[in-house]
Amino acid sequence: MQRQWVYTGIILFLFLMLVFGIPLFPNFMAIEILGPMNLGMSVFLLLHILTPVLAFRYLQKLREEKI
Numbered sequence: 016m017q018r019q020w021v022y023t024g025i026i027l028f029l030f031l032m033l034v035f036g037i038p039l040f041p042n043f044m045a046i047e048i049l050g051p052m053n054l055g056m057s058v059f060l061l062l063h064i065l066t067p068v069l070a071f072r073y074l075q076k077l078r079e080e081k082i
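Count along the sequence shown from 1, then add 15; that gives the number in our numbering.
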């Protein structure tokens, strides 16, 4: 059960960073990281990749515990 809350907290933090970070700190979110990719884009990409990966890992752990 603890793992579920850790995963939820990570995803919620990334989501809130996007929602509040872009309007409140536009210069910070516009820092270039790799080529044309800035911090806001990388958080968006990480959010859309990390969410299904963490959900898959959590469901896989649930299946292993039932067996």
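For glycine and all other residues, C-beta sits at the position ideal for the given N, C-alpha and C.
In the three-state DSSP reduction, isoleucine 82 falls in the coil class, being neither helix nor strand. The alpha-carbon of phenylalanine 43 is positioned some 15 Å away from that of proline 51. Non-local beta-carbon contacts of phenylalanine 59 in its own chain, meaning distances under 7 Å to residues more than five positions away in sequence, involve Leu33 in chain order.
For the pair glutamine 19 and lysine 76, the Cα-to-Cα distance works out to about 10 Å. Looking at the backbone, the Cα of leucine 62 and that of tyrosine 22 are separated by about 12 Å.
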